[in-house]
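Read in order, the letters of the sequence shown correspond to residues 1 to 346 in the UniProt record's numbering. Even glycine gets a Cβ: it sits at the ideal position worked out from N, Cα and C. Model, not experiment: these values are computed from the prediction. One structure below.
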Amino acid sequence: MKLSVSGITIDLGTKPAKRVLDDVSFEAYDREFLSLLGASGAGKSTLLKIIAGILVQDGGSIAFDGRAVDGVAAHKRNVGYVFQDMRLFPNMTVEENVAFPCKMRGMRKDARFERARELLAHVQLDGFGKREVSSLSGGQQQRVALARALAATPQVLLLDEPFSGLDEHLRDEMRSLVLKLHREFGMTTIMVTHDAIEAIEMSDRIVYLSGGRVEQFGLPDELFERSATSEIAACFGDCSTIKGVVEDGVFSAGPLSLSAKGVAPGSATAVIRQSAAAVDAGMPPLFPVRCCVYRGSTYLVRIDLEGQSLSVPSPSPVADGALVGVAFDGSGVFVYAEEGGDDAGR
1 MKLSVSGITI DLGTKPAKRV LDDVSFEAYD REFLSLLGAS GAGKSTLLKI IAGILVQDGG
61 SIAFDGRAVD GVAAHKRNVG YVFQDMRLFP NMTVEENVAF PCKMRGMRKD ARFERARELL
121 AHVQLDGFGK REVSSLSGGQ QQRVALARAL AATPQVLLLD EPFSGLDEHL RDEMRSLVLK
181 LHREFGMTTI MVTHDAIEAI EMSDRIVYLS GGRVEQFGLP DELFERSATS EIAACFGDCS
241 TIKGVVEDGV FSAGPLSLSA KGVAPGSATA VIRQSAAAVD AGMPPLFPVR CCVYRGSTYL
301 VRIDLEGQSL SVPSPSPVAD GALVGVAFDG SGVFVYAEEG GDDAGR
């Protein structure tokens, strides 16, 4: 199913109401896995609830396969929804939880429980049907919530931070399982996440939201390699964000100088990913070291830039107060004009 989000706007709260989403538009193709990425408060979960029909927007439209569903009640939109807090029914067994959407659609008891058992096998919980949900681990409960969302064969699957309560090992397992089920069931899937690496690993395309607006929409490698704003560039793993100025195509912050070709002159922000910087004793200028910390397989040198800090990996420890040079790989260095952030240089 193709999902179209067109000009969605909503204000929430009172005195005064806050604009949570402002003219948000994008499309998700049939069977596509699309992520809504952004920091907390960007409007991601609100948008997901509008798609599901749980919230009603103030402006704009939601369409499934070209047909507007704005006046269609949530329970009639044929969407599967996995909430961040899972919202399993504690008074029901595992299989009763999974069978519940089928019950709401009038499916016979024997058929809906057969469907529940099939889905529990899909999420690797075969034989768990008679258990109480309170007896399950967090990862197992998440699988039950996923099976329940799939029970009524939805046109679109909506996932709201589905892995946020799991430890890293379980997160990896659940990511693989969700992708497997997405492909097997052939659904259009929309996932809310604040984890940029998770979005890159799982998505066909990514919508980046900030302040209720779409900042960038495209393929994962487009957002990673050609980030439209400093916020987007900084969300992909460890980096340093440095304030400075651009003049004649050069970004400067104290003794630090970086190429900023195409960036408008004036106040600017540089985002330097740790993967794009390395300690190089023979590379002038030399920068004073604030401190050096051990990171397991490497060390992290924190360099002083007249009050700002630049973090640079090093294969060996460096003494506090030492002077070091830094080599940069331009593919991981981004410079943005302070106004708007659309003019980025390398």
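- As a beta-bridge residue in DSSP terms, Met-191 pairs with Ser-35, Leu-159.
- The bridge partners DSSP lists for Asp-304 are Ser-309.
- Distance from the CA atom of Glu-215 to the CA atom of Glu-225, rounded to whole angstroms, is 15 Å.
- Asp-23 sits away from Lys-2, with the two beta carbons spaced by 8 Å or more.
- The Cβ-Cβ distance between Leu-36 and Leu-21 does not fall below 8 Å.
- Just so you know, the alpha carbons of Asp-280 and Leu-223 end up roughly 29 Å apart.
- Annotation: Asp-329 to Met-187 spans about 40 Å, alpha carbon to alpha carbon.
- DSSP, read as helix, strand or coil, puts Ile-272 in strand.
- A residue is called buried when at least 16 other Cβ atoms come within 10 angstroms of its Cβ; Ala-42 meets this threshold and is buried.
- In this structure, the alpha-carbon of Thr-193 lies about 17 Å from that of Gly-139.
- DSSP places Gly-244 within a strand segment (E or B) once states are collapsed to three.
- Between the C-alpha atoms of Gly-60 and Ala-52 there is a straight-line separation of about 15 Å.
- Between the segment 60 to 71 and the segment 141 to 150 there are fewer than three C-beta pairs closer than 8 Å, too few to call the two in contact.
- Here Ile-190 is near Val-156, since their CB atoms are less than 8 Å apart.
- Residue burial is scored here from C-beta neighbours: Gly-237 has fewer than 16 other C-beta atoms within 10 angstroms and is therefore classed as exposed.
- Pairwise C-beta distances place the segment 88 to 107 in contact with the segment 116 to 125, as three or more of them are shorter than 8 Å.
- Counted as a single uninterrupted DSSP element, the stretch harbouring Asp-30 is not any alpha helix (DSSP H), since DSSP gives it neither H nor E.
- Ranking Thr-9, Gly-244, Ser-311, Leu-34 by CA distance to the CA of Gly-218 puts Leu-34 first.
- Annotation for Val-293: the continuous beta strand (DSSP E) segment containing it runs 287 to 294.
- CA-to-CA, the gap between Pro-315 and Gln-274 works out to about 13 Å.
- Excluding five sequence positions before and after Thr-241, the CB atoms of its chain that fall closer than 7 Å to its own CB belong to Ser-230, Ala-234, Thr-269, Val-271, given in chain order.
- Taking a 10 Å sphere around the C-beta of Ser-203, we find 16 or more other C-beta atoms and assign the residue as buried.
- Under the three-state reduction of DSSP output, Arg-148 falls in the helix class.
- By alpha-carbon distance to Cys-239, the top candidate from Pro-162, Arg-302, Ala-151 is Arg-302.
- In the structure shown, Leu-179 falls within a helical segment according to DSSP collapsed to helix, strand and coil.
- Under a 10 Å Cβ-count criterion, Val-5 is classified as buried, with 16 or more other Cβ atoms of the shown protein chains found around its own Cβ.
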